Each structure stands twice: as structure tokens, then as C-alpha cells.
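Visitor: Take 27 as the starting number for the sequence shown in our numbering and just add one per residue.
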Amino acid sequence: MNNPLHAAYYADRARCERVRVVENVRLARDTFRLRMECPELACRIVPGQFLMVRLPECDDPLLGRPLALYDTVVDDGKRGRPSGVDVVYLVVGKMTGRLAALAAGAELEVWGPLGNGFAPQVAEHLIMVAGGIGQTPFPALAREHLGKRAYGDPPRQVKQVPRVTLCYGARSKEYLAGVEDFESLGVEVHTSTDDGSAGHHGLVTDVLTEVLDAGGGRARIVCCGPEPMMEAVARLAAEREIPAQVSLETPMACGIGICFSCVTRVRQDDGGWDYRRTCVEGPVFDAERIEW
Ligand SMILES: Cc1cc2nc3c(=O)[nH]c(=O)nc-3n(C[C@H](O)[C@H](O)[C@H](O)COP(=O)(O)OP(=O)(O)OC[C@H]3O[C@@H](n4cnc5c(N)ncnc54)[C@H](O)[C@@H]3O)c2cc1C
Ligand code: FES
């Protein structure tokens, strides 16, 4: 199947595996990093793609849930070949609540890699803007653009970016998850919180504005988080004529293009709009194309 608009095109390229949980550790309030052993899938996935995760032999919830690639796991001594993937999730409901109770050795069903992922960014300054749990697609993207790891099979070629910044907003300090993961990669991190308990007291778009005002080379923006925040970031980017991509977190049922439960309105070349499936034509879209 060679037609990318047909569900089979994506389904045929994804793997469905029963995987072992290696660890499931708390990173912040209600937020966990789950490590899964899945070398084949880990070799194929690129930043911005996601996995559907399902509890085996469980009918509540029956459907899998989409979780973004946080990063691949490369063990020392394996000559750069990844052994698994990390996802980071916020407990909001049934599935994420059950995931939080899993211990090492438990099994999960996963299928992926799914979705388009971020296109390689050619820039002097890559600015990642995250709100809530929206930081999860970015560690792999940062690592790749800082020239520290290649992703995909065959590994995709990405021009190294000299500077990578994360603007990360959360409700409060206790929800900021994985800041040290970004810092250890060499990412410049600026945080904001709604209650002022860490970083700037206010919106992440205030922080982004400061970073943009300070300059620092030809910028590109990537963004993930609640829709009103992504809309505000898209507006800021458009005002300053900075290319921006957003990764949407639209709820999904099948994840492979069949059910149309994940559609979003995307502007067309003729000025009109049409529905696009976030799971196969996204989750990453050019920000200027989204009909917010
Ligand atoms: C491509 C993609 C990547 C994602 N990556 C991550 C990730 O890396 N980490 C992470 O924590 N979450 C991520 N999400 C969101 C995640 O899929 C949902 O939080 C998850 O499906 C909730 O499942 P649940 O069974 O725990 O909650 P449910 O019991 O299904 O829902 C609980 C509550 O959350 C609401 N809800 C469920 N899904 C969403 C959503 N997508 N947006 C807004 N509200 C929602 C429901 O309406 C309900 O009120 C991603 C979503 C997409 C589409
Ligand atoms: S989730 Fe079924 S078409 Fe996208």
C-alpha cells in the first residue's frame, strides 16, 4: 500500500508488540516515566511520533491511548542501537491511572511508530515551547538537533542546531517534569508557573516573548500543549514571521487513520479548510495551517 492517505499505509509500517516494562518512575506530581523494552520499534521511531499503548487482556479501557516518544534508550556497550523507549505521562484518567500502578516486569501492548513526527529543523536557534505535559515530544528532538543521537531506520540526517531553548509552563513547580533531562542535554530551560512557585509567574508565552526579544539567530519554534496556548504561540510566531510547528494532542481511538475520531481543521492552499486526521497526517502540523 503506497497511498499515504490510506490507513493501511501507516498500519503496515507500524509494529504491534507485547513489551516488557523495564521501569516506571515518578518524575513529578502525577507524572511518571515509563521505560519499555522494544528494540525494533525503538530503531524506527523519530521525534514527534507516538505509540498507542494498551493494557493486555483488559477491556476497561478497551482502546489504546496515544503517548509521544520521550526518548529512545541506548544502553552502554550496545554500539548505539536502542533497546527501548521512554514515554512520560500525566495521570488524568483510566489508562494513565492504571499505568501508574505498573511495576517493572509488567507487560503492555504497543503499536507504532505512528504519525509524521517533526520535520528536521534547519535553524540557528530551535525554540521548544511546552505547556502542561507538552514537554514530552521534545527530549528526543533536542538530542537529535544537538547532534547527540540519530533516530529512525535508516537514521535520518539532521543539520546540527547550535542553540536549543525550552520554554516550559506548568500549573506549579510540582508539575514541572524532566527539567534536568533537558538541562543535561545542554538545552537552555526557561520555566513559568501559574502560581509563581517556580520561574516566571505567568504564562509561558511571556517567557517565549522574552526569549524572542533577546534575539540569538534565525529561530524556529516547535510547540506542544493545551490548544489555547498553542494558538497564542502560533500567533506570536506569525507576527514575527518565524516558522512554527505544533504537535496536537487530539484524543484518538484507533491511531492508524481508520475511525476519523481525531480530525482537526487544517487550512488548504485555496484558502478554505478541510478535516485532517491528527493520527496519520499529524500530530505535527505547520502552525499557520491550523484553523484554531
Ligand atoms: C499524539 C499524542 C501524543 C500524546 N502524548 C502524551 C504524552 O506523551 N504524555 C501524556 O501524558 N499524554 C499524552 N497525550 C494525551 C494522552 O493520550 C491522554 O491524556 C490519554 O489518552 C488519557 O487517557 P486516560 O485513559 O488516562 O484518560 P481518559 O479516562 O480517557 O480521560 C480522562 C479525562 O481526560 C480527557 N482527555 C483524554 N485525552 C485527552 C486529550 N488528548 N486532550 C485533552 N483531554 C483529554 C478526557 O476527556 C477526560 O476528561 C497525547 C495525545 C496525543 C494525541
Ligand atoms: S484516531 Fe482513528 S483516524 Fe485518527
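We put the beta carbon where it would ideally sit given N, CA and C, even for glycine.
Values in this document were obtained by computation on a predicted structure and should not be read as measured data.
Taking just the CA atoms, how far does Ala166 sit from Gly138?
Guide: Your numbering for residue 138 matches position 112 in the sequence shown. Your numbering for residue 166 matches position 140 in the sequence shown. When rounded, the distance between both Cα atoms is 16 Å.
Visitor: Going by C-alpha to C-alpha distance, which of Leu81, Gly74, Asp97 and Gly297 sits closest to Pro65?
Guide: On the sequence shown, residue 65 is found 39 positions in, with the first residue counted as 1. Looking at the Cα atoms, Asp97 is the closest of the given residues.
Visitor: Would you tell me roughly how many angstroms separate the C-alpha atoms of Gly225 and Tyr201, rounded to the nearest one?
Guide: Indexing the sequence shown from 1 puts residue 225 at position 199. Indexing the sequence shown from 1 puts residue 201 at position 175. One C-alpha to the other measures close to 13 Å.
Visitor: Keeping to the same chain, check which residues put their C-beta closer than 6 Å to that of Leu89; ignore five residues upstream and five downstream.
Guide: Counted from its first residue, the sequence shown places residue 89 at position 63. Contacts found: Ala279.
Visitor: Any heavy atom of ligand 2 closer than 7 Å to the beta-carbon of Thr290?
Guide: Counting from 1 along the sequence shown, the entry for residue 290 is found at position 264. Result no, Cβ not under 7 Å from ligand 2.
Visitor: With Val48 as the anchor, note down where its beta strand (DSSP E) starts and where it stops.
Guide: In the sequence shown, the residue the question calls residue 48 occupies position 22. Run containing Val48: Arg41 to Ala54, per the beta strand (DSSP E) assignment.
Visitor: Sorry if obvious, but does the Cβ on Ile282 come closer than 7 Å to a heavy atom of ligand 1?
Guide: In the sequence shown, counting from the first residue as 1, residue 282 sits at position 256. Answer for Ile282: no, Cβ out of range of ligand 1.
Visitor: Quick one: what's Pro82 bridged to in DSSP?
Guide: As a first step, residue 82 is located in the sequence shown; it is residue number 56 there, counting from the start. DSSP output for Pro82 lists no bridge partner at all.
Visitor: Do you know offhand how far Ile282's Cα is from Glu253's?
Guide: Within the sequence shown, the letter at position 256 stands for residue 282. Within the sequence shown, the letter at position 227 stands for residue 253. Those two C-alpha atoms are separated by around 22 Å.
Visitor: Determine whether the beta carbon atoms of Pro73 and Pro188 lie at a separation below 8 Å.
Guide: Within the sequence shown, residue 73 is the residue found at index 47, counting from 1. Within the sequence shown, residue 188 is the residue found at index 162, counting from 1. No; because the gap between Cβ atoms is not below 8 Å, this pair is not in contact.
Visitor: Could you tell me if the beta carbon of Cys193 falls within a distance shorter than 7 Å of some heavy atom in ligand 2?
Guide: Position 167 of the sequence shown, counted from the first residue, corresponds to residue 193. No, since every heavy atom of ligand 2 falls outside the 7 Å radius drawn around the Cβ of Cys193.
Visitor: Quick one: using the 10 Å Cβ neighbour count with 16 as the cut-off for buried, is Glu170 buried or exposed?
Guide: To locate residue 170, count along the sequence shown from 1; it is residue 144. It is buried - the Cβ of Glu170 has at least 16 other Cβ atoms within 10 Å.
Visitor: Using C-beta distances below 6 Å, list every residue in its chain close to Tyr194, excluding the 5 sequence neighbours before and after it, in chain order.
Guide: Taking the sequence shown and counting its residues from 1, one reaches residue 194 at position 168. The answer, listed in chain order, is Ala156, Gln161 and Thr217.
Visitor: Check whether the Cβ atoms of Val45 and Ala130 sit closer than 8 Å, and answer yes or no.
Guide: If you number the sequence shown from 1, residue 45 lands on position 19. If you number the sequence shown from 1, residue 130 lands on position 104. Contact: no.
Visitor: Given 7 Å as the limit, tell me if Thr159 has its C-beta closer than that to any heavy atom belonging to ligand 1.
Guide: In the sequence shown, the residue the question calls residue 159 occupies position 133. Residue identity differs from the one stated: residue 159 is Ile in this sequence, not Thr. Checking every heavy atom of ligand 1 against the Cβ of Ile159, one is found closer than 7 Å.
Visitor: Comparing the CB of Val259 with every heavy atom of ligand 4, is any distance shorter than 7 Å?
Guide: With respect to ligand 4, the structure offers nothing, as its ligand set consists of ligand 1 and ligand 2.
Visitor: Would you mind sorting Val51 into buried or exposed? The rule is 16 or more other CB atoms within 10 Å of its CB.
Guide: Residue mapping note: residue 51 aligns to position 25 of the sequence shown, counting from 1. Label assigned to Val51: exposed.
Visitor: Starting from the C-beta of Ser198, find all residues in its chain whose C-beta is less than 6 Å away, skip the five residues before and the five after it, and write them out in chain order.
Guide: For the purposes of this step, residue 198 is identified with residue 172 of the sequence shown, where counting begins at 1. Once the five neighbours on either side are set aside, the close Cβ partners of Ser198 are Thr219, Asp221 and Ser223.
Visitor: Does ligand 2 have a heavy atom nearer than 7 Å to the CB of Cys305?
Guide: On the sequence shown, position 279 is the one that residue 305 refers to. Set against 7 Å, the gap from the CB of Cys305 to the closest heavy atom of ligand 2 is smaller.
Visitor: Skipping 5 residues on each side, what residues in its chain have a beta carbon closer than 7 Å to that of Gly242?
Guide: Counted from its first residue, the sequence shown places residue 242 at position 216. Cβ neighbours of Gly242 beyond the five flanking positions: His151 and Arg189.
Visitor: Could you pull the start and end residues of the beta strand (DSSP E) that Arg338 belongs to?
Guide: The question about residue 338 has no answer, for the chain in this structure spans 27 to 318.
Visitor: Between the beta-carbon of Pro108 and the beta-carbon of Cys84, is there less than 8 Å?
Guide: The residue you call residue 108 lines up with position 82 of the sequence shown. The residue you call residue 84 lines up with position 58 of the sequence shown. Result no, Cβ atoms of Pro108 and Cys84 do not sit closer than 8 Å.
Visitor: Between Ser273 and Pro309, is the Cβ-Cβ spacing less than 8 Å?
Guide: On the sequence shown, position 247 is the one that residue 273 refers to. On the sequence shown, position 283 is the one that residue 309 refers to. Contact: yes.
Visitor: Could you name the residues that DSSP lists as bridge partners for Ser218?
Guide: Translated into positions along the sequence shown, residue 218 becomes position 192. Ser218 is bridged by DSSP to Gly195 and His226.
Visitor: Among Gly297, Asp295, Cys305 and Gly298, which has the Cα closest to the Cα of Cys285?
Guide: Stepping through the sequence shown from its first residue, residue 285 is reached at position 259. Residue Cys305 is the option with its Cα nearest to Cys285.
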